[in-house]
Every structure is written in C-alpha cells, then in structure tokens.
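Numbering (this note's numbering), first residue to last: 3 to 491. For each residue, glycine too, the CB sits at the ideal point set by N, CA and C. The structure presented is a predicted model; accordingly, all values stated were derived computationally and were not measured.
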RNA sequence: GCCCCCAUAGUCUAGUGGCCCAGGACGUCACCCUUUCAAGGUGAAGAUCGCGGGUUCGAAUCCCGCUGGGGGUACCA
C-alpha cells in the first residue's frame with residue numbers, strides 16, 4: 003500500500019481520507035504502508051508543501067513504514083530524486099526498443115493547433131495518435147538529428163478494449179474501447195516522467211499490490227493497465243474511492259474554495275481521533291448502527307468490500323457533533339493539555355503557561371468540558387475567568403419582567419450577602435443565593451441571570467455557582483459593584 | 001460534445017429477491033431535565049427506495065432505457 007501525494011499545497015481533507023483508507027487497509031491486513039512524494043510537475047511545486055503534508059499525516063496518526071523522511075529498502079521516496087538517479091529513463095528506453103512506445107516530435111504549440119483545427123473541422127474529440135508511431139528507424143534518426151525536442155509516448159492500441167476490475171465496484175469489469183484512448187506522454191520533452199509513467203514504475207519497484215486512490219483516476223486506469231501489460235508486470239488490484247463532494251453537491255471538494263486543508267482542522271480544535279472516525283465513515287460503514295469507533299476498531303473492521311461506490315457530501319455538522327463526542331470522552335487532564343495552546347494563542351495565558359495557569363485551567367475544565375465541540379471555542383468560554391471583563395450594559399443585566407430598580411435591589415442584596423458569606427465554594431454560594439431569590443420575590447432564573455451577566459459579562463456561561471466559585475470572591479464582588487454602577491438610578 | 005462511474009429522507013448511511021408499507025446517525029422541531037448555554041432523556045416530522053419498462057409467485061435489491069449527479073477529456077497530478 004502507498005499514499006503518494008503531490009507537493010502542490012497543503013493536504014486537503016479528501017487526500018487525508020484517501021490516505022486513511024490506504025492506511026486502514028494496510029494495517030488491517032498487516033501490510034506495509036509507504037509514503038512517496040510525486041513531484042514530477044516542476045511548475046506546480048510548492049515550497050514547504052511536503053513538510054506540511056507529512057505533518058498533517060502525523061497529526062492524524064497515520065504512520066508509514068517507508069517514506070522520504072525515514073527511508074526504506076526502496077529509497078529514495080521522492081520522484082524528482084529517483085528521476086535524478088535515472089530510474090525512469092531506463093524503463094522508457096526499454097519500451098522504445100521493443101516498439102511499444104515512440105518518440106513524438108510535435109511541440110505543445112503544434113498539438114494545440116492540431117487540436118483546434120480538428121475541432122474546427124467538426125471532429126467531436128481530439129485524440130492524439132502521432133504519425134511517428136509508424137516511423138522507421140531512419141525517420142526517427144533524421145528527426146532526432148534536427149535537434150527537435152521530443153516526448154516519449156505510449157503506443158496505445160487502435161482497436162480492441164481494455165478492461166480492469168475495481169474492488170469497490172464489486173470487482174465488476176470496467177471496460178473501454180481503445181479507440182477512445184490516445185497516445186499518452188510518458189516522458190516530457192524535459193526528460194521528466196509524467197505521473198502515469200513514474201507512479202507505475204515506482205509502484206512496481208516498490209512492490210505495491212493494491213492501489214487505493216481517488217475516483218478521478220478511473221479514466222486513466224486503462225493507460226496504466228496497458229503500461230503494465232507492455233512491461234509484462236503484474237497488475238495491482240485497483241480500488242477507486244469516491245470523491246467527497248462539496249456541501250452543496252456541486253463538484254468535489256477543493257481546498258481553495260472550501261477551507262478544508264488538513265491544517266485548518268488542527269487550528270480550529272478538531273481531535274485527530276474524531277476526524278479519523280468521521281472520515282472513515284465517508285464512504286465506508288461497518289454496519290447499520292455503529293459509528294463511534296476507536297482507531298483499533300477501525301483497523302480491525304475496515305474492508306474495501308464495505309466501501310461505497312457513490313460519492314459522499316462534505317458534512318461539517320456531523321463532524322462537529324462527532325468532535326463533541328470525542329471531547330466529552332477525554333480525560334480532564336488530557337483536555338487541559340490540549341486546551342493550553344489555544345488559550346496561549348488567544349493571549350489569555352502565557353506561552354508557555356505557568357504552573358499556576360495550568361492548575362487554574364485544569365480547575366476550569368469541568369465547567370466547559372461538555373459544552374465544547376471545537377477546542378477553539380475554549381478561549382471565548384474561559385475569557386471571563388482569565389482576564390478582566392468590561393462592565394456589562396444595563397439592558398443585559400435587567401432580566402425578564404424586571405426593571406432597573408428591581409435589578410439594583412437584587413444586585414445590591416446579593417452583593418451584601420456574598421460579602422459576608424463564610425465560605426467561597428459552590429454549596430455555600432448555592433445555599434446563600436437560592437433562598438435570597440425567594441426572599442426578593444424573584445424566580446431563580448431572574449436573580450441568577452443578573453448575577454451571571456454581572457460576573458461574566460455574558461448571558462451564556464457555565465452554571466452560576468461553580469462559575470462564581472472559580473472566579474473567586476474578590477473579583478466577583480468587584481464585578482458586582484461595577485455592574486451596579488451600570489444601572490441608572 | 002465524447003468516454004467512464006454513480007443513484008435509499010436536507011446530509012452520511014444499513015439493506016445483495018420475501019425478516020423492509022425500509023433500520024441507525026447528523027441536522028430540524030416538540031417535550032422533559034434545568035439558573036443561561038450545552039450535555040442527557042423522550043418523542044415527532046422527513047424516503048411513492050430518481051423515473052419508466054421488464055424478469056419473478058414476490059424487487060430498494062436482478063436486467064434494459066431514460067433522467068440526474070460526479071469524474072475524465074494536458075508534455076497537471
């Protein structure tokens with residue numbers, strides 16, 4: 003098994019899913035999972051993309067047995083390096099010698115013109131079949147002598163059909179008429195191999211038995227089959243996983259339009275285990291009701307037979323829900339550690355956090371634990387504990403069926419009681435404030451609502467008594483006083 | 001245009017000829033719990049299994065056609 007991304011940008015979520023299926027399949031069967039960088043397109047190369055891709059896979063917990071960073075028996079694992087070693091050229095020459103490929107002397111511009119002319123003549127589609135396919139040695143030599151650059155093209159049969167089976171489509175034969183194909187380029191005029199050629203040579207050399215890749219590769223698989231046959235090599239098992247479509251169903255996901263770069267999920271506070279679980283369920287299922295599965299369970303249960311052939315739509319709501327489930331299942335200490343970087347980034351605590359800050363956050367975690375769906379929400383929820391708040395406006399302080407005067411009375415009375423409360427903990431606060439509401443002739447929600455706004459600056463916060471206890475007496479009293487000052491006489 | 005793939009509720013899916021007048025989950029709505037928000041609990045709405053033919057005693061499940069969606073159509077991957 004292998005995953006072979008191109009370093010043309012950060013890995014997007016569809017790529018991560020393809021990598022995951024490869025990884026699950028390899029781990030399920032006790033096979034090897036290797037990583038190979040396919041950088042044969044110099045024009046699209048993005049500096050740093052490879053490092054980003056590796057980082058994303060590592061974050062997801064998809065470990066590889068061989069790869070560019072760790073080496074292995076088939077090193078190197080970067081195609082530009084393999085090209086520099088001359089690995090591909092030799093295989094192209096072998097095909098040339100046996101007359102299964104040919105040198106094509108048309109330039110990209112000429113090709114463009116031919117295509118335009120063909121279309122203008124009313125031809126429905128243009129499939130390049132070079133006249134050079136039938137040249138004799140003398141003609142080729144003459145063309146070469148002219149110094150004209152050339153590409154190496156595969157001599158694709160003009161007639162007959164090419165067939166292959168796909169594990170995800172129930173092993174059904176997919177067949178295509180060879181006259182629908184064209185003579186693909188194997189080696190560019192720069193000498194660099196094209197994907198179709200390089201990946202195939204590498205897959206053979208690296209002993210790849212199963213090719214699991216995106217559905218967009220189905221149309222080019224016949225060329226690959228033809229190439230394997232030309233070489234006389236064993237053809238691997240193909241499994242084309244359906245694409246993940248955009249939420250509106252218009253087209254496949256794109257990292258440019260859809261904000262689905264793998265790094266974005268880390269930034270927003272998704273747990274890799276939740277993303278893994280969600281992604282596994284995009285196109286695969288275990289049974290009619292099991293959804294939450296650990297990494298080990300996924301490995302144990304994953305089979306290609308249960309991968310769907312139809313494309314899935316990107317569903318952020320479902321991912322969010324699942325992330326919440328995984329967060330709630332976290333041990334509070336664990337959650338604390340995962341939250342610290344987010345709080346540091348928001349400037350609520352130091353970078354790195356002090357021991358006291360860590361301890362305080364650990365104390366606050368139970369208050370927000372089950373309210374969290376993305377770790378990135380934590381700074382907003384914890385801000386009122388970690389930094390001073392602006393005095394809330396009167397309209398926020400005044401609760402339903404109350405006015406400024408009654409709110410003043412309630413606040414002042416609470417302030418009075420809280421100043422003299424003997425212990426500052428949840429039970430004592432509750433024992434103090436609950437009777438007070440009744441005494442004031444208010445519903446608990448009314449008094450508590452006012453106090454919540456006064457103490458936190460927001461009408462939405464964790465339960466009041468725990469919140470007050472965690473903020474601390476001094477700060478609470480201060481905030482109540484300031485809130486009181488917000489209310490008109 | 002041409003070629004290939006796909007088709008169960010808004011979404012992800014279970015279902016491989018009778019157990020399905022279709023099960024689970026997300027989302028939506030209601031109620032319960034409740035000091036707000038979540039979480040949790042209960043329940044509801046939502047699918048003539050894309051449409052039309054056929055095969056069969058019997059079809060979401062098999063076959064054909066249509067329609068719709070996706071992908072490909074590069075000296076990109």
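Per DSSP, residue 216 is one residue of the beta strand (DSSP E) stretching across 212–216. Contact between residue 168 and residue 176 is confirmed by a C-beta separation of about 6 Å, below the 8 Å threshold. Inter-segment contact for the segment 437–445 and the segment 342–355 is absent: fewer than three beta-carbon pairs are separated by less than 8 Å. The three-state reading of DSSP puts residue 349 in coil, since its state is none of H, G, I, E or B. Per DSSP, residue 242 lies in no alpha helix (DSSP H) segment; the continuous beta strand (DSSP E) that holds it begins and ends at 239–243.
Here residue 294 carries a coil assignment [DSSP, helix/strand/coil]. Per DSSP, reduced to three states, the secondary structure at residue 424 is coil, with no helix or strand assignment. Going by C-alpha positions, residue 374 is about 20 Å away from residue 359. For the 8 Å CB-CB criterion, residue 155 and residue 185 form a contact.
Your pair residue 203 and residue 241 does not check out as a contact, with CB atoms roughly 20 Å apart and the cut at 8 Å. A direct Cα-Cα distance of roughly 26 Å separates residue 391 from residue 433.
Taking every protein chain shown into account, the CB of residue 289 has fewer than 16 other CB atoms within 10 angstroms, so this residue is exposed.
Residue burial is scored here from C-beta neighbours: residue 52 has at least 16 other C-beta atoms within 10 angstroms and is therefore classed as buried. Look at residue 248 here: in three-state DSSP terms it is coil, with no helix or strand label. In chain order, 409, 413, 452, 455, 456, 485, 488, 489 place their CB closer than 8 Å to the CB of residue 399, counting only its own chain and leaving out the 5 sequence neighbours on each side. In the three-state reduction of the DSSP assignment, residue 82 falls in the helix class, which pools H, G and I. Rounded to whole angstroms, the separation of the alpha carbons of residue 18 and residue 262 is 10 Å.
Look at residue 272 here: in three-state DSSP terms it is coil, with no helix or strand label. Three or more beta-carbon pairs separated by less than 8 Å link the segment 66–82 to the segment 22–36, which places the two stretches in contact. In this structure, residue 367 keeps its C-beta atom at 8 Å or more from the C-beta atom of residue 351. Contact check for residue 369 against residue 464 passes: the beta carbons are separated by less than 8 Å. Between residue 321 and the set 331, 287, 283, the nearest pair of CA atoms involves 283. The distance from the Cβ of residue 248 to that of residue 316 is about 6 Å, consistent with a contact at the 8 Å cut-off. By the Cβ-count criterion, residue 157 is buried, with 16 or more other Cβ atoms from all chains shown falling within 10 Å of its own Cβ. Counting every other CB atom within 10 Å of its CB across the protein chains shown gives residue 115 a total below 16, marking it as exposed.
In the three-state DSSP reduction, residue 38 falls in the coil class, being neither helix nor strand. The segment 93–109 and the segment 214–226 do not touch, with fewer than three beta-carbon pairs separated by less than 8 Å.
In the three-state DSSP reduction, residue 445 falls in the coil class, being neither helix nor strand. Take residue 270, set aside five residues on each side of it, and the residues of its chain with a beta-carbon closer than 7 Å to its own are 376, 378, in chain order. Looking at the DSSP output, residue 166 sits in a beta bridge with 176. Excluding its 5 nearest sequence neighbours in each direction, residue 286 has C-beta neighbours in its own chain below 8 Å: 23, 304, 308, 309, 310, listed in chain order. By the criterion of at least three beta-carbon pairs nearer than 8 Å, the segment 183–202 is in contact with the segment 225–237. Secondary structure at residue 318: helix, using DSSP grouped into helix, strand and coil.
Here the alpha carbons of residue 79 and residue 73 stand approximately 7 Å from one another. In this structure, residue 15 places its C-beta atom within 8 Å of the C-beta atom of residue 246. Only residues of its own chain outside the window of five on either side were considered, and among them none has a CB closer than 8 Å to the CB of residue 122.
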